[in-house]
Amino acid sequence: MTVLAFAVVVWLFVVGLYGMVTSRNLIHLVVCLSVAQSATDLLLLEIGYVGHGHAPVFVDLPKHPGPTVDSIMQALSLTDVVLGAAVSALLLALSVQVHKRTGTLDPDELRTVEPNRS
Amino acid sequence: MTDRTRLRVFLVAAAGLAVALGVGLAGLPRFGSPASTYADVINALAVPLRRSTDAVSAVTLDFRGIDTLFEEFILFAAVAGVSILLRPLSDEIGEMPEDQAPDRRVPPPSPAVGLLGTILAPLLVVAGLETVTHGQVSPGGGFQGGVVLASALFVVYLATSYSRAERFQPGGLLEASDGAGAGGYVIVGVVGLLAGAAFLSNTVSLGQPGNLISGGTIPILNAVVAVEVAGGFVLLAKEFLDQTAVIRQDRGGRRS
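For the protein sequence lines, the chains are A and B, in the order given.
Position 113 of the first sequence, counted from 1, bears residue number 113 in our numbering, the numbering being contiguous throughout.
To get our numbering, take the position in the second sequence, counting from 1, and add 118.
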């Protein structure tokens, strides 16, 4: 179970990384980055998981005999989600301007920094 | 740099990453193993010490509240960065395009979308406010509720046309709420200082666990965060929509 849980994290990360490396479109690249980043969310939640644990919410619940999962990891993954949204927004804004300046979204055609307007 | 060199650089970096990832993952505790002492202590103390029945909110906004302060600043910086990146450039104009064919009506969104938006937008506002205000009791809080609140306006964009929604959209208010949210968090922190305790100390009356008023500063911080997140995310959407709807190349040589 441990191997499967962490293998999913590695798989998500590698899939996102593969997409980023082979990407031919900046929008696609940003999406791949969020895929790779979601591996972090999953990893944080998996580290915080306790076998048969319930959520760290103690309202209106009958006394649950089991343990509670790690609330710090859940708070950290919340941070991760927010930062992921912020990073995606910034990268997409950069992509918009790149497309406007150079007319392309292909990273390979952005070798030169100067806009080539003929 | 040629493709071959780039591939080599990547392979070296990937090998380093693989080693680091392998070592890191091997050192992790088994999946489902008991939580750390820190986590147990936090879970045990969230209710008696902070009267907050949602331990995640207690961690985010109280025990590790200063982390969330920086997280807020990061979000604020990102929104400001997007606003700066997507401003009208020197060769662009940022005003609504004139209707060149007033005799031809713009097809309105379908009645089904309009109806759905009319129903959905108020529901989203209520759900967002519920999520924000109950963050200290049940799962939720300012970040989650703020995004739900922002999505209410996205539904309005969808159900009308953006050019129509743009006219009554309070752009200045959105920017102000983004800043007020980030600044408000600091003010709540300073209140702790004024009360003679540390920055961001939970010095407000704590209330009863499970009630709406509980957790001391946690619901206040949730509200502040919600103002920033809702304003920030609507502002983000506005900046991107402006790129297609409002900002365009200055062709006629008009003033920029």
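Every residue, glycine too, gets a C-beta built ideally from N, C-alpha and C.
So residue i and residue j are in contact, right, with Cβ under 8 angstroms, and what is the actual spacing, rounded?
i: alanine 36(A); j: leucine 17(A); result: 6 angstroms
i: aspartate 41(A); j: serine 77(A); result: 5 angstroms
i: glycine 145(B); j: glycine 51(A); result: Rounded, the Cβ-Cβ distance is 20 angstroms, inconsistent with contact.
i: valine 251(B); j: leucine 330(B); result: Going by the sequence as given, residue 251(B) is threonine instead of valine. 7 angstroms between Cβ atoms; contact.
i: glutamate 346(B); j: alanine 300(B); result: 5 angstroms
i: alanine 93(A); j: leucine 203(B); result: 4 angstroms
i: valine 21(A); j: phenylalanine 128(B); result: 6 angstroms
i: valine 352(B); j: leucine 292(B); result: 5 angstroms
Hey, does residue i have any beta-carbon neighbour from chain B nearer than 7 angstroms?
i: glutamate 46(A); result: yes
i: proline 107(A); result: no
i: glutamine 97(A); result: yes
i: alanine 7(A); result: no
i: leucine 90(A); result: yes
i: aspartate 51(A); result: The sequence given here has glycine at residue 51(A), not aspartate. Yes, glycine 51(A) counts as interfacial toward chain B.
i: aspartate 70(A); result: yes
i: valine 82(A); result: yes
i: threonine 22(A); result: no
i: alanine 39(A); result: no
i: alanine 75(A); result: yes
i: valine 15(A); result: no
i: threonine 2(A); result: yes
i: threonine 102(A); result: no
i: valine 30(A); result: no
i: aspartate 35(A); result: The residue you asked about is not aspartate; residue 35(A) is valine in the sequence shown. It does not; no Cβ of chain B falls within 7 angstroms.
Three-state secondary structure (DSSP) at residue i?
i: threonine 296(B); result: According to the sequence as given, residue 296(B) is aspartate; it is not threonine. Note: aspartate 296(B) maps to helix in three-state DSSP.
i: isoleucine 336(B); result: helix
i: glutamate 248(B); result: helix
i: serine 374(B); result: With a pLDDT of 41 at serine 374(B), under the threshold of 50, the modelled position of that residue is not reliable, and the figure given next carries that caveat. Correct three-state label for serine 374(B): coil.
i: aspartate 180(B); result: helix
i: aspartate 158(B); result: helix
i: arginine 169(B); result: coil
i: arginine 24(A); result: coil
i: isoleucine 331(B); result: coil
i: glutamine 326(B); result: coil
i: glycine 205(B); result: One point to set straight first is that residue 205(B) is arginine, not glycine, in the sequence displayed. Note: arginine 205(B) maps to coil in three-state DSSP.
i: glycine 145(B); result: coil
i: arginine 366(B); result: strand
Of all the CB atoms in chain A, is at least one closer than 7 angstroms to the CB of residue i?
i: phenylalanine 188(B); result: no
i: aspartate 172(B); result: yes
i: threonine 178(B); result: yes
i: phenylalanine 261(B); result: yes
i: phenylalanine 149(B); result: yes
i: leucine 318(B); result: no
i: isoleucine 160(B); result: yes
i: leucine 143(B); result: yes
i: leucine 129(B); result: no
i: glutamine 326(B); result: no
i: glycine 290(B); result: no
i: alanine 300(B); result: no
i: proline 152(B); result: yes
i: serine 256(B); result: yes
i: valine 364(B); result: no
i: leucine 354(B); result: yes
i: valine 200(B); result: yes
i: alanine 196(B); result: yes
i: alanine 376(B); result: This structure does not reach residue 376(B), given that chain B is present from 119 up to 374, and the question cannot be answered.
i: glutamine 361(B); result: yes
i: valine 274(B); result: no
i: valine 250(B); result: no
i: alanine 268(B); result: no
i: valine 165(B); result: yes
i: leucine 193(B); result: yes
Which residues in the same chain have their Cβ closer than 6 angstroms to the Cβ of residue i, if we skip the five residues on either side of it in sequence?
i: valine 322(B); result: Gly334, Thr335
i: alanine 348(B); result: Gly264, Leu267, Ala268
Excluding the five sequence neighbours on either side, which residues of its own chain have a C-beta within less than 8 angstroms of the C-beta of residue i, listed in chain order?
i: proline 56(A); result: Thr68, Val69, Asp70, Ser71, Gln74
i: serine 279(B); result: Val224, Pro226, Pro227
i: serine 88(A); result: Val30, Leu33, Ser34
i: valine 306(B); result: Leu318, Thr335, Ile338, Leu339, Val342
i: serine 38(A); result: Leu12, Gly16, Gly84
Near residue i, what residues of its chain come up, given a Cβ to Cβ distance below 7 angstroms and the 5 sequence neighbours on each side ignored?
i: leucine 276(B); result: Val231, Gly235
i: valine 165(B); result: Thr171, Pro327
i: isoleucine 125(B); result: Note on identity: in this sequence residue 125(B) is leucine, with isoleucine being the wrong assignment. Once the five neighbours on either side are set aside, leucine 125(B) has no close Cβ partner at all.
i: leucine 238(B); result: Val273
i: glycine 66(A); result: His52, Gly53, His54
i: asparagine 123(A); result: Absent from the model: residue 123(A). The displayed extent of chain A is 1 to 118, so no value can be given.
i: alanine 173(B); result: Ile160, Asn161, Ala164
i: valine 177(B); result: Ile160
Ignoring anything shorter than 4 residues or poking outside the stretch 34-107 of chain A, list the alpha helix (DSSP H) runs there in chain order. Counting only runs that start and end inside the stretch 34-107 of chain A, the alpha helix (DSSP H) elements of at least 4 residues fall at 71-102.
Ranges of the alpha helix (DSSP H) found wholly within the stretch 276-322 of chain B, counting only runs of at least 4: If we require 4 residues or more, the alpha helix (DSSP H) runs fully inside the stretch 276-322 of chain B come out as 280-286, 289-312.
Minimum length 4: unbroken alpha helix (DSSP H) runs contained in the stretch 212-263 of chain B: 229-251
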